[in-house]
Amino acid sequence: MNYPCLKINLSRIANNCRIIYDRCARLGISVVGVSKCVLGDIRVAEVFKDSGIELIGDSRLKNLKKLKDFFGTAQKLIMLRTPMISEIGEMVNICYASINTQQDTVKRISDICIERNFKHKIIIMIETDDRREGLLPEEVIPF
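Dropping the structure here:
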């Protein structure tokens with residue numbers, strides 16, 4: 325029986341990364357390389373880094389842990405979703421930053437970071453159109 329096979333063309337990814345990185349860098353925009361669709365593949369992450377991309381993001385803690393285990397503490401990793409409360413302890417050990425939409429989650433992240441004397445960046449996601457995720461603009465100030 326044949327299974328689907330994903331073929332990754334690293335040279336094309338590298339070319340795309342360099343183009344995107346160069347354009348964004350000229351405008352002062354940081355780029356996050358997303359490893360979500362390749363299960364945190366180390367080769368793809370290395371292409372991101374070699375292209376100048378300093379931040380790597382994923383929505384799965386398992387993939388982020390794999391990247392952290394390979395690259396160590398020098399690599400800045402971002403959780404691309406609000407973590408479950410049960411994941412926060414491990415997530416702050418692995419990630420430099422996380423995207424959040426829930427005030428109670430942000431409070432728990434803060435509590436754990438204070439307890440461990442860690443620093444962790446919080447990015448608050450604001451809804452822009454389709455109301456799938458993020459805070460509505462009017463919810464931002466009270467947050």
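To convert, take the position in the sequence shown, counting from 1, and add 324; that gives the numbering used here. Backbone N, C-alpha and C define an ideal beta-carbon position, used for all residues, glycine too.
Query                                                                                                           : Result
Span of the alpha helix (DSSP H), counted from its first residue to its last, around L391                       : L385 to F395
Through-space distance from L330 to E439, alpha-carbon basis                                                    : 43 Å
Spatially closest choice to E414 from R432, A398 and Q427, by CA coordinates                                    : R432
I353 - partner residues in DSSP beta bridges                                                                    : In DSSP, I353 forms no bridge with anything.
Limits of the alpha helix (DSSP H) - the one that N417 falls within                                             : I412 to I418
Beta-carbon gap between R384 and I332 smaller than 9 Å                                                          : no
Spatial neighbours of H444 in its chain, beta-carbon cut-off 8 Å, leaving aside the 5 residues before and after : V416, C419, Y420, A421, S422, I433 and C437
D382 versus P407 - alpha carbon distance                                                                        : 11 Å
Cα-Cα separation, N339 to N424                                                                                  : 31 Å
Distance CB(E457)-CB(M449) smaller than 9 Å                                                                     : yes
Inter-residue spacing [alpha-carbon to alpha-carbon] between V430 and I343                                      : 35 Å
Reference S375, options N441, F394 and V355, closest by Cα                                                      : V355
Start and end residues, alpha helix (DSSP H) containing K373                                                    : I366 to D374
For K331, the three-state DSSP class (helix, strand or coil)                                                    : coil
heavy atom of the ligand NAD below 8 Å from G352 C-beta                                                         : This structure lacks the ligand NAD, and indeed carries no ligand of any kind.
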